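Q:
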Amino acid sequence: MKKRLLIVCCALCSLMACNSKTDTGTTLSGLKKADFDTTVSGKKVALYELKNKNGVEVAITNYGGRIVSIWVPDRNGKFGDIMLAHSSIADYIADQGGNFGALIGRYGNRINQGRFILDGQEYQLPQNNYGHCLHGGDTGFHHRIWDATQPNAQTLVLSCVSPDGEAGFPGTLKTTVTYSLSDDNALQINYEAETDKPTIVNLTNHAYFNLSGDGKTTILDHQLTLNADYYTPVDSTFMTTGEIAPVEGTPMDFRTATAIGARIDNYDFEQLKNGHGYDHNYVLNTQGDISQVAAKVYDPKSGRTLEVYTNEPGIQFYAGNFLDGTVKGKHGIYYPLRSALCLETQHYPDSPNKADWPSVVVRPGEKYHSTCIYKFGAE
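Below you can see the structure in the form of structure tokens.
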């Protein structure tokens, strides 16, 4: 009897130890949660996990609202992490120029020379990229410590208040971003914001995807489909020219599934030369209909797929042209050129200075709302 009791006690102790390790140790993707459990600028930072019934896991930190890992199966049911990112808050802080998985605001993409006029008043924003304001400047939302609540295992709610005049933007902006993971393996990001003065808002996420699950490889064999007949060309400083150009007959055409690497080095085509490859906003045919597929990516090796849905008029396709093998990411991997792609749902770059483009102005009493859905599968 004593021997049986001893065996039961040992088994219980072992089970408790396993549960403790699961709750406080590592994510399914191998991230150490302790490496995110810290304080930055006097605010608590942590790593939050969303999990569904299929074993899919999304890990997010409230430091910059960053998606750190997405753990999904391939065609054979083997799970892998398809996100390029860092392994700790210390690494994110050290890589101040990196936007891996970041929540971007107040204005995603570029504003020409950081200047715009709203209701007759000119505003000057930080100039941090070829003289332009990129992603809200170097003090944008991607460096903010967001207030976080997790109402259930599949939802994370982040919120912040950006004061009037921060980074030159008018109005006190109250922003809430909700990440939710569904049981059909879709990560939905809902953005909401309200202001007390007329302002401009364009929020997005800068997730870096490599569907193979191997950050040492490129995404040049990934097949991309973009539901867009037009795109917005850029000059040599990545600023939109104001033109809306057709993709037909050019290397910009992804209306049918095409390997990303098939034409990316065709620098005889000026737009690929200007962008150092693909780094362009596409004008979606979906016209805000979130039930239509805006973009699809397929990795022929793993069979993994990514579908993108959004109510936004545009999507920025970036092919990792500035990854150069010097940035050390998760698990000590140095990410090579074009080892990831980004599909950032958005209004068009420099919209505040393009009167005939969809407006990004939000006024008191109005609510800004944007939705992006990243749905994962396998074929």
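Numbered according to mature numbering (1 follows the signal peptide of the UniProt record, and there is no 0), the sequence shown spans residues -20 to -1, 1 to 359. All residues carry an ideal CB built from backbone N, CA and C; glycine is no exception. Here the structure is a predicted model, which means the values were calculated and not measured.
Can you check which of these residues, F96, K347, F234 and T7, is closest to I295 by C-alpha distance?
A: F234
Q: Let's see if you can read the secondary structure: which residues bound the alpha helix (DSSP H) around E250?
A: E250 to G255
Q: Using the DSSP secondary-structure output, state which residues sit across from L83 in a beta bridge.
A: In the DSSP output, where bridge partners are listed per residue, L83 has N185.
Q: Grab the span of the alpha helix (DSSP H) containing Y72 for me, first residue to last.
A: First-last of the alpha helix (DSSP H) with Y72: I69 to A74.
Q: Check whether the Cβ atoms of S350 and L161 lie closer than 8 Å to each other.
A: no
Q: Per DSSP, which residues does S49 bridge with? Please list them.
A: A39
Q: Mind checking whether K177 and P150 have CB atoms under 8 Å apart?
A: yes
Q: How many angstroms separate the CA atom of G117 from the CA atom of L138?
A: 20 Å
Q: Could you round the C-beta distance between A65 and V38 to whole angstroms and report it? I think they count as a contact, below 8 Å.
A: Contact doesn't hold; Cβ gap of about 12 Å is too wide.
Q: On the criterion of 16 or more Cβ atoms from any shown chain inside 10 Å, does D215 qualify as buried, or is it exposed?
A: exposed
Q: Taking C-alpha atoms, which residue in V288, Y72 and A82 lies nearest to T266?
A: V288
Q: According to DSSP, is I199 helix, strand or coil?
A: coil
Q: Whole angstroms is fine: what's the gap from G312's alpha carbon to Q326's?
A: Answer to the nearest angstrom: the Cα atoms are 32 Å apart.
Q: My guess is that D201 and A237 are in contact by the Cβ rule of under 8 Å, so how many angstroms apart are they, rounded?
A: About 12 Å; that fails the 8 Å criterion.
Q: Among the residues of its own chain, which have a CB less than 6 Å from the CB of residue 435, if the five just before and after it don't count?
A: The requested residue 435 is not part of the displayed model; the chain covers only -20 to 359.
Q: Who pairs with A275 in a beta bridge, going by DSSP?
A: Answer is L206 and V288.
Q: Can you tell me whether S339 is buried or exposed, with buried defined as 16 or more other CB within 10 angstroms of its CB?
A: exposed
Q: According to DSSP, is S142 part of a helix, a strand, or is it coil?
A: strand
Q: Return the CA-CA distance between V277 and G100, expressed in angstroms with no decimal places.
A: 43 Å
Q: In this structure, what does DSSP give as the bridge partners for R95?
A: Q104
Q: How is the beta strand (DSSP E) around E174 delimited, first residue to last?
A: A166 to T175
Q: I'd like to confirm the pairing. Which residues does DSSP put opposite L303 in its beta bridges?
A: Answer is none; L303 lacks a bridge partner.
Q: Quick one, which of Y210, P231, T217 and T230 has its alpha-carbon nearest E223's?
A: Y210
Q: For the pair the segment 73 to 85 and the segment 119 to 138, tell me if three or more CB-CB distances fall below 8 Å.
A: yes
Q: Going straight from the alpha carbon of I62 to that of K347, what length do you get?
A: 33 Å
Q: Under the assumption that N301 contacts H256 (Cβ atoms under 8 Å), give the Cβ distance between them as a whole number of angstroms.
A: 4 Å
Q: My understanding is that T191 touches R284, with C-beta atoms under 8 Å, so please give their C-beta distance in whole angstroms.
A: In the sequence under discussion, the amino acid at residue 191 is Leu, which differs from the Thr named in the question. That belief holds up - the Cβ atoms of L191 and R284 are roughly 4 Å apart, short of 8 Å.
Q: What is the rounded straight-line gap between the Cα of Q107 and the Cα of A14?
A: 36 Å
Q: Have a look at I91, R55, L303 and K58 and flag the residue whose alpha-carbon is nearest the alpha-carbon of T221.
A: I91
Q: Less than 8 Å separating the beta-carbons of Q134 and N32?
A: A contact, by the Cβ cut-off of 8 Å.
Q: Going straight from the alpha carbon of A147 to that of D163, what length do you get?
A: 39 Å
Q: Which two residues bound the contiguous beta strand (DSSP E) that contains G60?
A: Taken as a continuous stretch (DSSP letters only), the beta strand (DSSP E) holding G60 covers F59 to D61.
Q: I need the boundaries of the beta strand (DSSP E) containing Y348, first residue and last residue.
A: Its beta strand (DSSP E) spans residues Y348 to A358.
Q: Exposed or buried, E29, counting other C-beta atoms within 10 Å across all chains shown (16 or more means buried)?
A: buried
Q: Run through DSSP, which three-state label would I244 get?
A: coil
Q: Which residue from F189, E292 and C113 puts its Cα closest to that of M219?
A: C113
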